[in-house]
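To keep things clear, I will list the structure first and then write my remarks on it.
Protein chains in written order, with the working numbering: chain P, 1 to 76; chain H, 1001 to 1318.
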């Protein structure tokens, strides 16, 4: 394989594998929020805000992988 | 597609049926033309010459911000310009709103009062009544700067006006230096309140060498307690780990904001390239949401760390 092919492969693997964990995390997060909402519908606002913050934190991990992929594919 | 209007007016989404059908047809035609003009359509059906005006050049995003000009030897990049624009915009809009405050607020004043009041409640709910009031100015500033930076960089003109070979202005947080400086400021803010409230106890969380030195000193007094030395070493090690995690926090603050903003920018560029004119529109809505969430996350984490720094570990255990 030449260098360009390896670079593209590495970029694809980086974002593909790096998105696995945050995807699971977001699923668990949504599960927990829905459960909380079903048990306690009055706490909608608080659950929503905290879920958004946690979702932002979880997404950031996928974004780290995305940066690596972008650097590999476009810059490096 | 349920009719949403009042009962007497038949129609769809506020338009009468013929107007709605025309809108759908025009939008569908634009979508198909844009799809054919984009790279996917070119691959499928080949180049269509009369659709050339629609296709967009392949974007070449650059991660480091290009230097536009120098002021007194200091380089000014396009992201710095965007940061200044955000600051001036916020100052102007706040001055305009607070210049003539009314008891019954107008539309703009009501919107800003809602935003600021919401953050104020958020601070008080997270950090308590007294500390919430203390932390509010910095937290609110961080939120407004991050969110308005992200929202202003969606305005046409950002990234499309050229200065030489580069864009004249680009969202400030797409340069890694801006999030880094904000993360350092948030770290200093947390450390200031930790030192102010807990004093030397705050430093003792990180440089916890007292127990191990006391145990070693005990050897010279004639009592050799192996367990005390061992647990002292573990305490010192745990303190070092806490110190390390404090600095890793700065890095994760930086990369979270930088990554989200840069990825959003590149996402818009790529969608505008894939299916020109059409596909980028829903992602603009996504970017508005992401700017809001990132501002909330940055400000909220600063708030949480600051209120954590004000309670020592001993108090937490009790």
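For glycine and all other residues, C-beta sits at the position ideal for the given N, C-alpha and C.
Could you tell me whether the Cβ atoms of residue i and residue j are closer together than 8 Å?
i: residue 1126 of chain H; j: residue 1303 of chain H; result: yes
i: residue 1077 of chain H; j: residue 1067 of chain H; result: yes
i: residue 1243 of chain H; j: residue 1038 of chain H; result: no
i: residue 1255 of chain H; j: residue 1298 of chain H; result: no
i: residue 1063 of chain H; j: residue 75 of chain P; result: yes
i: residue 1065 of chain H; j: residue 1086 of chain H; result: no
i: residue 1081 of chain H; j: residue 1169 of chain H; result: yes
i: residue 1056 of chain H; j: residue 1276 of chain H; result: yes
i: residue 1083 of chain H; j: residue 1174 of chain H; result: no
i: residue 1228 of chain H; j: residue 1236 of chain H; result: no
i: residue 1211 of chain H; j: residue 1232 of chain H; result: yes
i: residue 73 of chain P; j: residue 18 of chain P; result: no
i: residue 1250 of chain H; j: residue 1191 of chain H; result: no
i: residue 1300 of chain H; j: residue 1147 of chain H; result: no
Can you have a look at residue i and say buried or exposed, based on whether 16 or more other CB atoms are within 10 angstroms of its CB?
i: residue 1119 of chain H; result: buried
i: residue 1137 of chain H; result: exposed
i: residue 28 of chain P; result: exposed
i: residue 35 of chain P; result: exposed
i: residue 1318 of chain H; result: Note on residue 1318 of chain H: pLDDT 41, under 50, position unreliable in the model; the coordinate value appears next. Per the 10 Å Cβ criterion, exposed.
i: residue 1001 of chain H; result: Residue confidence is low: residue 1001 of chain H scores 45 on pLDDT, short of 50, so the model does not pin down where it sits. Its coordinate-derived value is still stated next. So residue 1001 of chain H ends up on the exposed side.
i: residue 1320 of chain H; result: Look at the range of chain H in this structure, 1001 to 1318, and you will see that residue 1320 of chain H is not part of it.
i: residue 1310 of chain H; result: buried
i: residue 41 of chain P; result: exposed
i: residue 1287 of chain H; result: buried
i: residue 59 of chain P; result: buried
i: residue 1245 of chain H; result: exposed
i: residue 1262 of chain H; result: buried
i: residue 1003 of chain H; result: Confidence is the limiting factor: at residue 1003 of chain H the pLDDT is only 49, short of 50, which leaves the residue's position unreliable and the question unanswerable from this model.
i: residue 48 of chain P; result: exposed
i: residue 1181 of chain H; result: exposed
i: residue 1091 of chain H; result: exposed
i: residue 1123 of chain H; result: buried
i: residue 1098 of chain H; result: exposed
i: residue 1005 of chain H; result: With a pLDDT of 47 at residue 1005 of chain H, under the threshold of 50, the modelled position of this residue cannot be trusted; read the value that follows with caution. By the neighbour-count rule (16 or more Cβ atoms within 10 Å), residue 1005 of chain H is not buried but exposed.
i: residue 1036 of chain H; result: buried
i: residue 1316 of chain H; result: Note that residue 1316 of chain H scores a pLDDT of 48, beneath 50, so its modelled location is shaky and nothing firm can be said.
i: residue 1142 of chain H; result: buried
i: residue 1145 of chain H; result: buried
i: residue 1290 of chain H; result: buried
i: residue 1069 of chain H; result: exposed
With DSSP as the reference, please indicate the residues paired to residue i in a beta bridge.
i: residue 1162 of chain H; result: H:1167
i: residue 1071 of chain H; result: H:1074
- Along the region 42-61 of chain P, what residues have a CB closer than 7 Å to any CB found in chain H? 52, 53, 56, 57 and 60
- Is there contact here, the region 1219-1228 of chain H with the region 1149-1162 of chain H, by at least three beta-carbon pairs under 8 Å? no
- Residues from the region 1292-1305 of chain H in contact with chain P, defined by Cβ distance under 7 Å: 1293, 1294, 1296, 1297 and 1300
- Task: Using a Cβ-Cβ cut-off of less than 8 Å, give me the residues of the region 1047-1075 of chain H that come near chain P, in sequence order.
- Result: 1060, 1061, 1062 and 1063
- Query: Do three or more CB pairs link the region 1191-1201 of chain H to the region 1101-1121 of chain H at distances below 8 Å?
  - Reply: no
- Query: Just by C-beta distance, which residues in the region 8-37 of chain P are closer than 7 Å to chain H?
  - Reply: none
- Using a Cβ-Cβ cut-off of less than 9 Å, list which residues of the region 1253-1287 of chain H approach chain P; keep chain order. 1255, 1256, 1257, 1258, 1259, 1260, 1262, 1263 and 1266
- Does the region 9-21 of chain P come close enough to the region 59-74 of chain P to have 3 or more Cβ pairs within less than 8 Å? yes
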